[in-house]
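K.L.:
Following this message is one structure expressed as structure tokens.
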Amino acid sequence: MSGQGRVDVEVESKRPDESSRGKAHANTCPGCGSHYRDEELAQTLRVCPQCAHHFPVTARDRVDQLVDPGSFVEEDSELRSADPLGFFDLRPYTERLAEAEVATGLGDAVVCGAAAIEDEGCRLAVMDFAFMGGSMGSVVGEKFARACESAAAAGVPLVSVAASGGARMQEGILALMQLPKTVCAIEELHESGSALLSVLTHPTTGGVLASYASLGDVVLAEPGALMSFAGPRVVAQTTREKLPDDFGLAESNYRFGHLDAIVPRGELRPTLARLLRLFGKA
Amino acid sequence: MSGQGRVDVEVESKRPDESSRGKAHANTCPGCGSHYRDEELAQTLRVCPQCAHHFPVTARDRVDQLVDPGSFVEEDSELRSADPLGFFDLRPYTERLAEAEVATGLGDAVVCGAAAIEDEGCRLAVMDFAFMGGSMGSVVGEKFARACESAAAAGVPLVSVAASGGARMQEGILALMQLPKTVCAIEELHESGSALLSVLTHPTTGGVLASYASLGDVVLAEPGALMSFAGPRVVAQTTREKLPDDFGLAESNYRFGHLDAIVPRGELRPTLARLLRLFGKA
Amino acid sequence: MRLRERLSKLGGMKLLRGTKLSGELERLQDQLDRLRSEPTAEEIWRSVELARHQDRPYTLDYVERIFGEFFELHGDRGRADDPALVTGLGKLDDNTVVLVGHQKGRDLKERTKRNFGMAYPEGYRKAMRAMALADRHGFPLITMIDTPGAYPGVAAEQHGQGGAIARSQAAMARLSVPTIACVIGEGGSGGAVAVAVADRVLMQEHSIYSVISPEGCAAILWRDAAEARKAAAAFKPDAAHCLELGVIDAIVAEPEGGAHMDADAAAALLKQGILTALEELDGLDPAERRRQRRAKYRAMGVLASA
Amino acid sequence: MRLRERLSKLGGMKLLRGTKLSGELERLQDQLDRLRSEPTAEEIWRSVELARHQDRPYTLDYVERIFGEFFELHGDRGRADDPALVTGLGKLDDNTVVLVGHQKGRDLKERTKRNFGMAYPEGYRKAMRAMALADRHGFPLITMIDTPGAYPGVAAEQHGQGGAIARSQAAMARLSVPTIACVIGEGGSGGAVAVAVADRVLMQEHSIYSVISPEGCAAILWRDAAEARKAAAAFKPDAAHCLELGVIDAIVAEPEGGAHMDADAAAALLKQGILTALEELDGLDPAERRRQRRAKYRAMGVLASA
Ligand SMILES: [Zn+2]
Ligand SMILES: [Zn+2]
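Following this line, the structure appears as structure tokens:
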């Protein structure tokens, strides 16, 4: 139940359930039904060799896929969520947090640090959907804002890889305030002259889409990634209409002008390297 | 044939032909067929009392309708169009200009000056469609730019009332350059802290719509006014589709978000006065 | 208790900035007095009900009571005019301000037209146009927040709801003019914060400001939308808690029984709150005001450490 | 002859601004040498034909020859991605620039997709997004103009074609970065000038820049579209006349017979023109550069007096 933090969106059930990561069927391709071992998928960056379905990637794996070997230096890993509201639903928030930390080995839903991609320096902020549905509370907002400041101080671009169900409702209004907090941090980043390169992966929804993930100087997405402010289930319930087949998917968003490019995972590292060279200070 | 200057748009023929102004049927309402004498229409600001059709208004009449009596001081009335290209089609450009001046009593298609509306100081730039279809050449651009500068110098808003078929093709590329010229003048006006209030009357099309007329801090239009970049005939020929009944009309433009309000002629003076108070320096 | 901390810090400071600071001190003391005790679950739910009360004054009810002259601005200059978000120019006493506010409908027809105050991306684009106008002319920006949330529809998503909300916040973070946001009813999620990134955020006593609706939260965490009361008690969307958490700057009192009992009185109190806030901001250098605005949001959240 | 006037004025000035001015002098002298005699009606018509030649290099043909790395930016962040106007980031030697350019299609399929280089308002909104990016990061803006005009369609009008063209010009008038516009084919009316309000406007030798198409002008004034040659001779859309009238800043030579005879050579010449223009602009204070840009347009036109 580690996905219970997400609020703005219910992720479509045809996608593999993140909460079952590690179980056998997590490596069954929802696109073509093929079965894989972890090692097989790792070799293809967790993209199905048969049908090109993009399986979820943990934050740590994503960092490994993108950066020059050995170049990543994590920052702010000591930050942990507090429980400002003493939030308790069917279970206490603190218990969900502890469980998520055990399950993922992460302190919260984003991993940040300094890195190089094809020798171009940058800062990274990579989300992990497995940590409470990639929900954004105070820690995610804080780490993202610090990543902006770190990038600004170093005069390098910030590369953001998002995967989020939205704001973390267990932190109440403070979770919502992470939207303007990250937005303000990007304003300062931009005024320092540095760029934000934003990559949207499946799913990027709710408060994260409605704040920093949409504000990249360049916005990229992985094929098939769901990116919507409201989730398909909420939209279907509200409007009582049948949704288009590609509702909220990267392909639809590209057509409607919200993305610069859809980049298959195998091309992500060279694409980011090219953008880092273009945004780098000569 | 004084309408022959317009280039970007052919004004719909269901509208009264401007070239026939002064002849009897110019006062026949195209909306309901009623006939009026000049004095009758003058009393209603040239709006049909039966069906509210808005008849065309000359620049001089428009000024009289809008400003406090006796407050208008014309500026730059001595400017005349040159003939930089020695343009000659079926007739020389110079001949068309001379004819338009005789027919309208105007030096060119715009009348500019200082005025007060309900005691609020402003500058006015009012076009006259009867002068070569309200086409914009060097003089219209220059007078509009000077009106911006005059408004900026006085620290008052500029009120623009447009009526134009577009750029004046007899001045070739220099006519097109009046678009960026007026746009740049508005930038300077805005940087001085003054506002542009833009009123679109039938018709405002082509180069005037694609430059200063669209850049008002507030954009108003008279009911039924055609405002489109390309004229209905050109669009119909290009796309070979039937046009919507309200194609390009103020009502359609309001619905699509391009207008702040549609203001019947009788309400234009108080509406502008209200806006002048809102934009005036306290 | 963030507010108490801030107050004691301010109290210990020399009055370097003169009377403005003492005004702020006074406001904080006044606000603190309102927080004698934490609202109970019942009180929180009462605010939820009052914030959504069918007779509660809406943005345009306040506009006609607070502003002298008013001129509504329509259209996003792209595709549409969204009636769920109104924008306009108004006279606040002798000064011109720009108004941006959600607008719910009073009767069924108007509710449908206004889409229950749920804006499309076009609404936020219209708001950004009004913000640009405010900045160009140095008019303060006043926003009024009253929405269940941004509209969750197919077209709204296709037209870029998430991006529009993000960009509207960025636009507010960038403004040079003084900005005041007033939560006057439901401050629902992203659709609310899109127009609430301000130098001063005021909340009416019985309004709510929340990351999700009580029903939505209950449906997800309790798996039963009917548990909305429990959810509201848990995530605390009431004004007192928002003030306590440092999310808003001041609570604006309502007439006894709620704003709907006396719209004129509610408007007078709101106007006073806006004027006081503007006065506090007056005289600050625009760049410094923007710096403080961003720093305020930058500091929001509660953190722990491993 | 505006150019001759300007040249003699520059020649008489002390070289206060140093070498930059002598570079400009040299450029003007060079340009003037091209204008020994006024183009004839036949030469003007030949330019019309060459500017529209089906094998003429288009924006993306120049992009791949002029820029090192290139990344295309898509979408207006509102409703659509208009393929008739391409935007992107490119490396011009060692410097990053932003590119905005009309794009016609080479074969029937691409022509349809690109709408023959006729942009919708969405295209101009994408262009404005690219301009904002350029300004934010200090990247010079290079535009390439090659369009019969903005698309005259129902949806294009409904989405605000006139306003989009006006706002795109305003955006260019506001930029702090150096801006170079290159007319590389048809510079058709408002759709062209929307992205051509620049510090330096270059025109390829056989491109055209005009207020209306020859056919459109003939249809109105001669009441016969077949009189297009006469119309072109009358309104003079060729590069030499545009230079003479002070509308453009320089003519860029094409290979013998026209750019389509040797795209590589045409690209090399165009690149040299861009680099020279950027060099002239380099070192100017951004506010002064913008002032000069606006002053240049402010002065365009020819007037008489009663
Ligand atoms: Zn597969
Ligand atoms: Zn009638």
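Chains as they are written, first to last, in our numbering: chain A, 1 to 282; chain B, 1001 to 1282; chain C, 2001 to 2306; chain D, 3001 to 3306.
No residue lacks a Cβ here, since even glycine has one placed at the ideal position from N, Cα and C.
Treat the numbers as computed from the prediction; the structure is a model and nothing was measured.
Per DSSP, what kind of secondary structure is Cys1184 of chain B in: helix, strand or coil?
P.N.:
The answer is helix: DSSP assigns Cys1184 of chain B an H, G or I state.
K.L.:
Which residues in the same chain have their Cβ closer than 6 Å to the Cβ of Asp3249 of chain D, if we skip the five residues on either side of it in sequence?
P.N.:
These residues qualify, in order along the chain: Arg3200, Val3201.
K.L.:
Tell me the rounded alpha-carbon separation between Met2300 of chain C and Val183 of chain A.
P.N.:
Cα to Cα, Met2300 of chain C sits roughly 12 Å from Val183 of chain A.
K.L.:
By the three-class DSSP mapping on this structure, what secondary structure does Arg1233 of chain B have?
P.N.:
Three-state DSSP puts Arg1233 of chain B in a helix.
K.L.:
Excluding the 5 residues flanking Ser228 of chain A on each side, which residues of the same chain have their C-beta closer than 6 Å to its C-beta?
P.N.:
Same-chain partners within the cutoff: Thr205, Gly248.
K.L.:
When you get a sec, list the residues whose CB is within less than 6 Å of any heavy atom of ligand 2, chain order please.
P.N.:
Those satisfying the condition are, in chain order, B:Cys1029, B:Gly1031, B:Cys1032, B:Ser1034, B:Cys1048, B:Gln1050, B:Cys1051, B:His1053.
K.L.:
Once the 5 residues before and after Pro2121 of chain C are set aside, which same chain residues still bring their CB inside 7 Å of it?
P.N.:
Around Pro2121 of chain C: Ala2156, His2159, Gly2160, Gln2161, Ala2164.
K.L.:
List the endpoints of the continuous beta strand (DSSP E) containing Gly1121 of chain B.
P.N.:
Its beta strand (DSSP E) spans residues 1120-1127.
K.L.:
Would Ala990 of chain B and Arg3298 of chain D be called neighbours here (beta carbons separated by less than 8 Å)?
P.N.:
In this structure chain B extends from 1001 to 1282, so residue 990 of chain B is not present and cannot be described.
K.L.:
Can you give me the C-alpha to C-alpha distance between Tyr93 of chain A and Ser2213 of chain C, rounded to a whole angstrom?
P.N.:
Approximately 18 Å, taken between the alpha carbons.
K.L.:
With a threshold of 7 Å on Cβ separation, who are the neighbours of Ala1024 of chain B within its own chain once the five nearest residues in sequence on each side are excluded?
P.N.:
Because Ala1024 of chain B carries a pLDDT of 42, less than 50, the predicted location of this residue cannot be relied on, and the following value inherits that uncertainty. So no residue of the chain qualifies.
K.L.:
Let me know if Gln3169 of chain D comes out buried or exposed under the rule of 16 or more other beta-carbons within 10 Å of its beta-carbon.
P.N.:
Its Cβ being crowded by 16 or more others within 10 Å, Gln3169 of chain D is buried.
K.L.:
Which residues in the same chain have their Cβ closer than 6 Å to the Cβ of Val2100 of chain C, if we skip the five residues on either side of it in sequence?
P.N.:
Counting only Cβ-Cβ distances below 6 Å, and skipping sequence neighbours, we find Thr2087, Ala2127, Ala2130, Thr2143, Val2195.
K.L.:
Could you pull out every unbroken beta strand (DSSP E) segment of at least 3 residues lying fully inside the stretch 1010-1092 of chain B, listed in chain order?
P.N.:
Listed in chain order, the complete beta strand (DSSP E) runs (minimum 3 residues) inside the stretch 1010-1092 of chain B are 1073-1075, 1079-1081.
K.L.:
Tell me which residues of the stretch 3066-3100 of chain D have at least one Cβ-Cβ distance to chain A shorter than 7 Å, keeping chain order.
P.N.:
Hits within the stretch, in order: Glu3069, Phe3071, Leu3073, His3074, Gly3075, Asp3076, Arg3077, Gly3078, Arg3079, Ala3080, Asp3081, Leu3089, Lys3091, Asp3094, Asn3095, Thr3096.
K.L.:
Do Gly1224 of chain B and Glu1120 of chain B come within 8 Å of each other at the CB atom, strictly closer than that value?
P.N.:
No, the pair does not count as a contact, with Cβ atoms beyond the cut-off.
K.L.:
Between Gly1022 of chain B and the rest of its own chain, which residues show a CB-CB distance below 8 Å, the 5 nearest in sequence each way excluded?
P.N.:
Caution applies to Gly1022 of chain B, whose pLDDT of 44 falls short of 50 and renders its modelled position unreliable; the value that the coordinates give is listed next. So no residue of the chain qualifies.
K.L.:
Output the residue ranges of the alpha helix (DSSP H) runs that lie fully inside the stretch 3111-3151 of chain D and measure 4 residues or longer, sorted by chain position.
P.N.:
Correct list: 3121-3137.
K.L.:
Judging by CA-CA distance, which residue of D:Leu3028, D:Ala3228, D:Glu3026, D:Pro3039 is the nearest neighbour of Ala2973 of chain D?
P.N.:
For chain D, the structure presents residues 3001 to 3306; residue 2973 of chain D sits outside this window and is missing.
K.L.:
By a C-beta neighbour count over all protein chains shown, 10 Å radius and 16 as the cutoff for buried, is Ser181 of chain A buried or exposed?
P.N.:
Per the sequence presented here, residue 181 of chain A reads as Lys, with Ser not at that position. So Lys181 of chain A ends up on the buried side.
K.L.:
Would you report the Cα separation of Glu2043 of chain C and Glu142 of chain A, rounded to the nearest angstrom?
P.N.:
Going by the C-alpha atoms only, they are around 32 Å apart.
K.L.:
Taking the continuous alpha helix (DSSP H) assigned at Ala2276 of chain C, which residues delimit it?
P.N.:
The residue asked about is misnamed: residue 2276 of chain C is Thr in this sequence, not Ala. Residues 2263-2281.
K.L.:
May I ask you to list, following chain order, the residues of the stretch 2121-2152 of chain C that have a beta carbon less than 8 Å from some beta carbon of chain B?
P.N.:
Residues passing the 8 Å Cβ filter: Glu2122, Lys2126, Leu2133, Arg2136, His2137, Gly2138.
K.L.:
For chain A, is any of its Cβ atoms less than 8 Å away from the one on Ala2240 of chain C?
P.N.:
Not one chain A Cβ lies under 8 Å of Ala2240 of chain C.
K.L.:
Hey, is His1258 of chain B's beta-carbon within less than 8 Å of any beta-carbon in chain D?
P.N.:
Yes, His1258 of chain B counts as interfacial toward chain D.
K.L.:
Per DSSP, Gln3204 of chain D forms a beta bridge with which residues?
P.N.:
D:Val3252, per the DSSP bridge assignment.
K.L.:
Is the stretch 254-263 of chain A touching the stretch 3071-3091 of chain D, taking contact as three or more C-beta pairs under 8 Å?
P.N.:
Yes: the two stretches touch, three or more of their Cβ pairs being nearer than 8 Å.
K.L.:
Taking Cβ-Cβ distances shorter than 8 Å, what residues in chain C pair up with Gly3163 of chain D?
P.N.:
Near Gly3163 of chain D (Cβ distances below 8 Å), the residues of chain C are Arg2077.
K.L.:
What separation, rounded to the nearest whole angstrom, lies between the Cα atoms of Gln50 of chain A and Ala26 of chain A?
P.N.:
Their Cα atoms are separated by approximately 16 Å.
K.L.:
Have a look at Leu2032 of chain C and Gly2149 of chain C and give me their C-alpha separation to the nearest angstrom.
P.N.:
Their backbone Cα atoms lie some 29 Å apart in a straight line.
K.L.:
What does the alpha-carbon distance come out to for the pair Val2252 of chain C and Glu2205 of chain C?
P.N.:
For Val2252 of chain C and Glu2205 of chain C, the distance between alpha carbons rounds to 6 Å.
K.L.:
For the stretch 169-181 of chain A, enumerate the residues whose C-beta is nearer than 7 Å to any C-beta of chain C, in chain order.
P.N.:
If the cut-off is 7 Å between Cβ atoms, the stretch 169-181 of chain A has Met169, Gly172, Ile173, Leu174, Ala175, Leu176, Met177, Gln178, Leu179, Pro180, Lys181 near chain C.
K.L.:
By the DSSP assignment, the beta strand (DSSP E) with Lys2091 of chain C in it spans what residues?
P.N.:
Looking at the DSSP string, the run of the beta strand (DSSP E) that includes Lys2091 of chain C is 2085-2092.
K.L.:
Would you call Ser54 of chain A buried or exposed, if buried means 16 or more other Cβ atoms sit within 10 Å of its Cβ?
P.N.:
Going by the sequence as given, residue 54 of chain A is His instead of Ser. Buried.
K.L.:
For the candidate residues A:Gly193, A:Lys242, A:Ser135, whose alpha-carbon lies nearest to that of Gly165 of chain A?
P.N.:
With distances taken between Cα atoms, Gly165 of chain A lies closest to A:Ser135.
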